[in-house]
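UniProt numbering puts the first residue of the sequence shown at 1, with every later residue one more than the last. Reviewing the structure listed below.
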Amino acid sequence: MANVVLPYVNTYQSRRKKYAYYRRAGVRLRIAGEVGTPTFFQSYQEIHDRFERNEQPRPGIVPGSLCELITRYRATPEWAQLKPSTRKDYEKFLQPLEDDFGTALVAELDRAAVRLVRDRYATRPGRKEGDDPIPSPRRANKTVSMLSILMSYAIEIGMRTDNPALRPKRLKTGPGYRAWTRVEIQTFLREMPAFRLPLLLALGTGQRGIDLIAMTWSSFDGDVIEVVQEKTGAKVWIPCHPELKAALERELTLRTAQTILTGATGKPWQLGPFQTAVSKAIRGAGLQGIVWHGLRATAASWLAEMGCTEREIMSITGHTTAASVSVYVRHAEQKTRAVNAIAKFSARALDAREKARGVTSVFGKGEI
């Protein structure tokens, strides 16, 4: 594909895949399939032939369409006030809606259409041509949430009188990002010592990657780190764990930038390169099934296991709702109750064995 130039094609990179759009006469159409695959070339040829036969869609935005609604929403003061990271996150769902359903009339959307949208994004193509589709329930649910925001805005500007995307049936997504085990943490530290400080900072503060790379030395007073979260705007004040404090004090003598974390060149990280670097480090350590964001879940889990309440955990991690951390507390409480139950069970069995004097008891019921 690198040696082939196709007219009217613009490509962009997303994670490990490259996608393409056909731009011509004011129209922007997504080309199906991964760039360079047979599916891609077939889709391109069909679109190109349609334009050559003058059968292309009408240039411009269809009045009353979803595309018009999205365009107007992006021009609102509310959109301008969103944090850049939030706008970037929203665009992950706005752009596919615009590309795939942009010509749909807002006034005609109903619950069936919302379900169609949800199901459209419930899977994504496999990594290679011919692979089975990969389930993507989170993407489907978040796309519907974005559609609900658009429909609420449509009500405000008189394009609709109701919101068909309000409280739809959600797809099950599973437990989310898995917390790292202690064995995985020790393996990572042993295999990737250069990432010791980022990992300690993640575990000690429970913050997102975007907030980790933004932490500055001026926010560390020797005992406490202050963080203003990029996503929520929440300001959290976090006393440093002794091990994290010692690591920061050592690094302070070697600082090369205003930020605490720096790349191999000694310069501050940008989010994209940081995410790529830690992902490569995880794979390089031979670990599977975990991602860097899972360290946030690890920190919350450890706090819960130490007996912290939901509010105490929220004061560290900056979660805005108790529901976000309640799962960690419930899990920790279950583990504590289970340990106490088995301890009582074991003590009772021990009493029975002592009474029997020489009889090997299995769970208090005699020999195997």
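Just so you know, even glycine gets a beta-carbon here, dropped at the ideal spot from N, CA and C.
Using the DSSP secondary-structure output, state which residues sit across from residue i in a beta bridge.
i      : result
Glu226 : Trp237
Pro7   : Pro7 is not bridged to any residue.
Lys18  : Gln13
Ile282 : Paired residues: none, contrary to the question.
Pro268 : Thr262
Leu29  : Tyr22
Could you check where the alpha helix (DSSP H) with residue i kicks off and where it finishes?
i      : result
Asn141 : 137-156
His319 : No alpha helix (DSSP H) contains His319, which DSSP labels as neither H nor E.
Glu243 : 242-252
Thr71  : 66-74
Going by DSSP in three states, residue i sits in which element: helix, strand or coil?
i      : result
Arg178 : coil
Arg124 : strand
Leu166 : coil
Arg87  : helix
Leu82  : coil
Arg160 : coil
Ile134 : strand
Leu105 : strand
Ile61  : coil
Leu171 : coil
Arg50  : helix
Val35  : coil
Ala257 : coil
Thr276 : helix
Asp110 : coil
Lys344 : helix
Lys92  : helix
Lys231 : coil
Gln56  : Note that Gln56 scores 49 on pLDDT, short of 50, meaning its location in the model is unreliable and no value can be drawn from it.
Closest to residue i by CA distance: which of the options is it?
i      : options                        : result
Ala323 : Gln334, Leu261, Arg311         : Arg311
Lys335 : Tyr22, Gly318, Glu305          : Glu305
Phe188 : Val62, Ile238, Gln288          : Gln288
Arg330 : Ala341, Ala300, Gly64, Cys240  : Ala300
Ile282 : Pro96, Phe195, Glu333, Ala246  : Phe195
Ala234 : Asp89, Trp180, Thr320          : Thr320
Phe51  : Leu66, Cys308, Pro63, Tyr22    : Tyr22
Lys267 : Thr256, Phe274, Ala277         : Thr256
Pro7   : Glu230, Asp49, Ala202          : Asp49
Thr143 : Ser85, Val291, Lys169          : Lys169
Ser148 : Pro137, Val117, Ala347, Arg208 : Val117
Phe101 : Ser65, Leu197, Ala179          : Ser65
Thr103 : Ile70, Trp269, Glu156          : Ile70
Lys138 : Thr123, Ile210, Thr216         : It is Arg, not Lys, that sits at residue 138 in the sequence shown. The option with the nearest alpha carbon to Arg138 is Thr123.
Trp302 : Trp292, Gln275, Ala332, Gly318 : Ala332
Leu200 : Thr232, Cys240, Val224, Glu34  : Cys240
Trp180 : Thr298, Ala343, Thr232         : Thr298
- Message: As an exercise, report each continuous alpha helix (DSSP H) stretch of at least 4 residues that is fully enclosed by the segment 285-315, in chain order.
- Response: 294-305
- 4 or more residues per run - each alpha helix (DSSP H) lying fully within the segment 179-223: 182-191, 196-205, 209-212
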